[in-house]
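One line per chain: the protein sequences are A, B, C and D, in this order.
The opening position of the first sequence corresponds to residue 381 in my numbering, with each subsequent residue numbered one higher.
The opening position of the second sequence corresponds to residue 381 in my numbering, with each subsequent residue numbered one higher.
The opening position of the third sequence corresponds to residue 381 in my numbering, with each subsequent residue numbered one higher.
The opening position of the fourth sequence corresponds to residue 381 in my numbering, with each subsequent residue numbered one higher.
A short worksheet on the structure shown next.
4 protein chains.
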Amino acid sequence: MINTALKKTASMLVAATDGETSMIRVKNVCFGGKQIPVIAGPCAIENEDNLRETAFKVRAAGAVMLRGGAYKPRTSPYSFQGHGRSGLQCLARVGEEMNMPVITELMDGEDLDAVMEYSDIIQIGARNMYNYSLLRKLGKINKPVVLKRGLSATIEEWLLAAEYILAGGNKQVILCERGIRSAETWTRNTLDLNAVALVKQLSHLPVIVDPSHGTGVRSLVGPMSMAAVAAGADGLMIEVHPRPETALSDGEQSLTPRGFSQLMRQLEALVAVMGRRVR
Amino acid sequence: MINTALKKTASMLVAATDGETSMIRVKNVCFGGKQIPVIAGPCAIENEDNLRETAFKVRAAGAVMLRGGAYKPRTSPYSFQGHGRSGLQCLARVGEEMNMPVITELMDGEDLDAVMEYSDIIQIGARNMYNYSLLRKLGKINKPVVLKRGLSATIEEWLLAAEYILAGGNKQVILCERGIRSAETWTRNTLDLNAVALVKQLSHLPVIVDPSHGTGVRSLVGPMSMAAVAAGADGLMIEVHPRPETALSDGEQSLTPRGFSQLMRQLEALVAVMGRRVR
Amino acid sequence: MINTALKKTASMLVAATDGETSMIRVKNVCFGGKQIPVIAGPCAIENEDNLRETAFKVRAAGAVMLRGGAYKPRTSPYSFQGHGRSGLQCLARVGEEMNMPVITELMDGEDLDAVMEYSDIIQIGARNMYNYSLLRKLGKINKPVVLKRGLSATIEEWLLAAEYILAGGNKQVILCERGIRSAETWTRNTLDLNAVALVKQLSHLPVIVDPSHGTGVRSLVGPMSMAAVAAGADGLMIEVHPRPETALSDGEQSLTPRGFSQLMRQLEALVAVMGRRVR
Amino acid sequence: MINTALKKTASMLVAATDGETSMIRVKNVCFGGKQIPVIAGPCAIENEDNLRETAFKVRAAGAVMLRGGAYKPRTSPYSFQGHGRSGLQCLARVGEEMNMPVITELMDGEDLDAVMEYSDIIQIGARNMYNYSLLRKLGKINKPVVLKRGLSATIEEWLLAAEYILAGGNKQVILCERGIRSAETWTRNTLDLNAVALVKQLSHLPVIVDPSHGTGVRSLVGPMSMAAVAAGADGLMIEVHPRPETALSDGEQSLTPRGFSQLMRQLEALVAVMGRRVR
């Protein structure tokens with residue numbers, strides 16, 4: 381199987397060449413080197429006070445980048461869909477105050493300019509991994525893109541989705557494993573760390589892991605963050621909310637700031653063994 | 381499970397009310413009534429002669445609508461991506477000559493005006509079922525939409541994707557089952573006819589079936605077309621190519637015109653038993 | 381994919397040779413010919429009166445074989461596990477009274493003699509498809525075996541499981557598709573009729589379908605029975621219970637005798653179109 | 381979801397009570413305490429020299445238990461099926477020489493006495509997780525059982541399979557995650573470490589991980605062993621073969637003794653951070 385995988389990727393721009401991972405820099409943060417950056421923040425940007433409180437606490441605990449959704453891909457048209465541009469502005473303000481680069485999701489090519497204006501990295505969610513029109517547009521920009529794996533995408537499809545961006549000229553792609561569909565119902569998704577380890581061997585792109593969506597269960601976020609780093613992940617993206625029980629989305633899988641802080645201490649010990657660091 | 385399903389859909393616009401299926405008319409074709417329209421044509425529009433030859437033959441065999449892709453969502457950025465606007469024009473010309481309404485896939489909101497101009501129905505492919513920005517745009521138009529089920533979408537997610545369109549004001553949605561992912565490798569997808577039967581009970585929307593993508597294997601298209609109709613499908617969409625071995629995409633699953641013609645004769649006998657007709 | 385499938389099966393005993401399906405006879409019933417036998421009865425044998433009432437009614441409606449479980453593979457050790465040998469005796473008595481051959485599940489090689497004594501066909505359930513020790517024992521007997529597909533077995537694994545029996549010398553194997561696992565939660569399993577159509581092309585073994593387990597939803601049993609026959613199935617196995625709401629197992633997916641009778645009338649019309657018959 | 385999981389397991393014998401993991405001792409090895417035992421050896425016992433060479437080398441590298449299959453559940457009846465009783469005797473001899481407890485798979489209740497005689501732990505493979513007759517027999521013995529998760533078993537089904545053994549009176553059950561089926565084809569299975577972390581919270585049973593079957597790819601065994609330990613696994617079972625390219629089964633996923641030795645050094649550093657040890 382590894383032979384098939386190697387053969388299929390060998391001629392692609394995403395293919396590993398010299399066994400080195402490409403380094404992708406965003407202000408003072410670097411993916412793909414010794415650092416294992418931890419991105420944290422709420423699923424959705426709800427209001428500026430909440431976001432500031434969260435940012436302050438996750439930064440203190442060791443997070444180096446702030447996440448928050450302004451455009452939310454929701455299964456139901458009647459669920460909270462995000463605050464859009466005003467959410468973006470809020471995210472940018474708080475990021476600047478805290479001196480943290482920020483990341484947010486883009487769902488629609490029409491919002492590209494707005495997201496480019498306010499966000500340091502552009503996130504493509506699992507539901508848009510196959511949105512090739514959008515990926516082609518991202519090939520033409522000069523900003524890093526975090527490309528999440530589709531809900532049931534094969535590793536090959538995921539790498540080829542990245543290839544759409546690289547083939548357009550944008551080499552700054554970070555892959556993000558966030559769990560795939562299976563018949564299991566006690567977890568929201570099945571986090572596939574095999575994929576992380578395999579992509580690290582096939583490709584020069586950095587790979588990060590989202591254990592929040594990858595499990596859907598707060599108490600599993602810690603163990604799976606540890607596992608992701610041990611499997612070789614180049615970063616983590618973790619949902620944190622000051623009061624998860626009131627969150628407008630994904631409260632079940634959000635850590636509290638205190639829980640996040642405890643996890644960061646465990647991670648620091650672990651990454652040291654791997655010869656890496658979180659800050 | 382049916383109780384869960386009924387409860388979850390009950391308050392939605394897609395929910396069945398009086399047990400009747402809504403009728404959606406496109407010129408002389410009607411989905412959701414006694415007719416079981418068969419849509420046929422090549423996966424991609426390759427050139428006008430091929431398309432005309434195919435259209436002529438499938439119409440003679442009983443197809444009432446012509447399909448053909450101008451914008452192709454391909455896994456690899458290096459595969460043939462479709463002829464775009466010139467493909468649309470070619471499709472419209474041939475459809476008019478043959479007096480057949482036409483259907484083609486829309487991948488990007490930016491192409492909506494072009495597709496609206498040339499196509500009688502707008503198809504949303506499996507890869508864009510979760511593209512909520514695109515679905516919202518389709519809620520604002522006055523043309524029928526065929527919404528394919530996502531690659532591993534649950535039935536609930538599929539109905540909620542349709543709800544995005546209906547909630548926007550466009551009630552003309554036709555669902556299309558096209559197979560889901562499983563661990564099976566001898567078929568391209570696993571055609572889920574359970575879903576067809578269940579959606580017919582939960583929703584008033586017509587449901588059609590694409591046995592070409594649903595199997596990925598030419599010799600299975602016939603039996604699964606029969607099965608789909610027996611399960612209650614309101615239509616079929618079948619890939620036909622005059623010389624499948626030379627097709628630019630999906631040749632393995634395309635019927636020849638002769639194979640299509642044989643299938644149509646079997647289908648005519650079957651639909652008669654169901655008290656329905658194909659023309 | 382069909383080429384892979386053909387190549388992999390070509391050298392096996394299960395492989396189709398002249399395109400004909402083998403006929404397997406059990407008293408007055410024949411699988412694999414013009415007849416499409418319908419097997420009906422309760423999931424579990426609960427008591428003799430219930431079984432007799434069910435048998436009487438399903439026979440009147442057109443069922444030609446009686447099913448009933450005496451050894452039940454239950455997910456929980458605390459669920460009803462079946463009446464064992466006394467259940468077998470009850471099944472044999474009622475079958476004889478009604479002049480219907482009977483089928484029941486074998487879970488353990490130690491019960492083989494008992495099941496051989498009382499049952500006309502031996503059923504291997506999905507959970508034991510990979511129980512190669514048991515399959516090898518069945519290769520040494522002279523009775524037909526119905527081999528259900530495993531919960532997530534590939535078609536190749538299913539055919540190779542049958543091969544275990546054939547290689548032992550017993551050629552009387554009937555395959556039974558009963559649904560596979562997927563991420564869908566509104567149905568108990570995803571009935572894979574692709575597999576039925578494909579196995580009919582690859583193998584000479586008759587293939588029947590269990591739409592009760594294949595859907596887990598009573599209202600889907602009818603449509604999927606129709607679809608199975610249209611896809612080419614050589615028989616059906618349907619759960620029927622006089623009072624499903626009181627059933628000790630699988631009540632949700634059991635038809636009432638009245639529902640079964642209605643379905644049989646629809647099936648009779650359908651199989652006539654296919655040039656086949658149910659009795 | 382965690383609430384559903386907790387509620388469903390709460391009344392079971394496998395349920396966690398005081399948050400402690402039960403300790404299961406086999407000679408000088410203990411599962412469920414500070415030690416994280418590593419079991420190593422070939423997939424199948426091929427001949428005594430090979431086994432001795434492997435045992436000698438894995439013991440030197442830090443493995444504390446020897447594995448080897450005498451009864452092999454093979455997909456094809458024509459593949460090597462294991463050496464049976466003579467394989468068991470060989471395993472027992474080498475284990476004794478090396479002073480390592482041994483583990484081997486049981487496929488059939490008829491071989492229980494033989495396996496009891498020669499093996500210190502009895503392994504139930506993924507294909508027999510649903511073999512409730514066999515599980516019931518294991519409830520009556522006084523030896524530890526390693527229960528692998530079924531190929532597509534839910535966590536609930538896996539815990540209930542363990543419950544069959546506990547309910548019979550045998551409390552010495554060790555769970556083993558070995559990957560589940562998904563649509564991914566570049567890995568043999570999808571190792572589900574979510575399940576490991578969740579089962580550690582729901583149950584008092586120790587949980588080990590088999591990264592060899594869980595990936596099917598030699599180069600992934602190392603990273604996923606690390607990940608498993610970081611996720612909280614109580615042990616590892618790793619296939620090692622002196623010359624994997626000549627192995628009678630599973631050569632693709634077997635480490636060489638040298639590769640195993642390198643991995644053990646990495647693991648030692650990691651487990652130290654977790655406050656645990658491998659010997």
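Think of the CB as a built atom: it goes at the ideal place given N, C-alpha and C, for glycine as much as any other residue.
Residue ranges of uninterrupted alpha helix (DSSP H) with 4 or more members, entirely inside the stretch 465 to 525 of chain A and ordered along the chain, are 465 to 478, 492 to 498, 512 to 518.
Put simply, the CB of S562 (chain D) is near chain B, with a gap under 9 Å to one of its CB atoms. Counting only residues of its own chain and dropping the five nearest sequence neighbours on each side, I504 (chain C) has a CB closer than 8 Å to the CB of E485, L486, N511, L514, L515, L518, V525, V526, L527, K528. The Cβ atoms of V409 (chain D) and V444 (chain D) lie closer than 9 Å to each other. Cβ-Cβ distances below 7 Å link T570 (chain C) to G559, I560, S562, E564 in the same chain, with the five nearest sequence neighbours on each side left out; the list follows chain order. CA-to-CA, the gap between P603 (chain D) and Q415 (chain C) works out to about 56 Å.
Straight-line spacing of the CA atoms in V553 (chain D) and D398 (chain B) works out to 54 Å. When C-alpha distances from G612 (chain B) are compared across B:K388, B:E400, B:V394, B:L393, the shortest belongs to B:E400. Closest in C-alpha terms to V587 (chain B), from the list B:M617, B:L555, B:E433, comes B:L555.
Think of a sphere of 8 Å around the beta carbon of R568 (chain A): the chain D residues whose beta carbon falls inside it are M381, in chain order. Contact check for G462 (chain A) against A424 (chain A) passes: the beta carbons are separated by less than 9 Å. Taking 9 Å as the cut-off, the Cβ atoms of A547 (chain A) and P453 (chain B) do not count as close. Listed along chain C is no residue with a C-beta nearer than 8 Å to that of N408 (chain D); the closest approach is about 33 Å. Going by DSSP, E400 (chain B) is part of no alpha helix (DSSP H) at all; its letter is neither H nor E. The DSSP assignment places 598 to 611 as complete runs of the alpha helix (DSSP H) inside the stretch 595 to 630 of chain B, in order along the chain (cut-off: 4 residues). Taking the C-beta atoms as reference points, R432 (chain D) is found no nearer than 9 Å to A450 (chain D). Excluding residues up to 5 positions away in sequence, I535, E557 lie with their Cβ nearer than 6 Å to the Cβ of A575 (chain A) in the same chain. If you compare the alpha carbons of D:T389, D:E490, D:G421 with that of S592 (chain D), the shortest gap goes to D:G421.
Taking a beta-carbon distance threshold of 9 Å, T434 (chain C) does not count as an interface residue toward chain B.
Chain D has no Cβ within less than 9 Å of the Cβ of T595 (chain B).
Per DSSP, the continuous alpha helix (DSSP H) segment holding F640 (chain A) begins and ends at 637 to 653. An exposed status is given to R645 (chain D), since fewer than 16 other beta-carbon atoms sit within 10 Å of its beta-carbon.
Burial check for A441 (chain A): the Cβ neighbour count within 10 Å reaches 16 or more, so the residue is buried. The three-state reading of DSSP puts I416 (chain A) in coil, since its state is none of H, G, I, E or B. Counting along the chain, E536 (chain D) sits inside the alpha helix (DSSP H) bounded by residues 535 to 547. Per DSSP, the unbroken beta strand (DSSP E) holding E557 (chain D) starts and ends at 553 to 557. Under the DSSP assignment, F411 (chain A) falls in the beta strand (DSSP E) whose first and last residues are 409 to 411. DSSP, reduced to helix, strand and coil, places S583 (chain D) within a strand of the structure shown. Burial check for E543 (chain B): the Cβ neighbour count within 10 Å reaches 16 or more, so the residue is buried. Within chain C, no C-beta atom comes nearer than 9 Å to that of T626 (chain A); the closest sits roughly 27 Å away. If you check the CB distance, A607 (chain C) and L540 (chain B) do not come in under 9 Å.
Between T565 (chain B) and chain D, the shortest Cβ-Cβ separation is below 9 Å. When C-beta distances to chain C are compared with 7 Å, the residues of the stretch 534 to 563 of chain B below that value are T534, I535, E536, I560, S562, A563, in chain order. The three-state secondary structure of V406 (chain B), taken from DSSP, is strand. Under DSSP, no beta-bridge partner is assigned to M392 (chain B). The straight-line gap separating the alpha-carbon atoms of L650 (chain B) and V651 (chain C) is approximately 10 Å.
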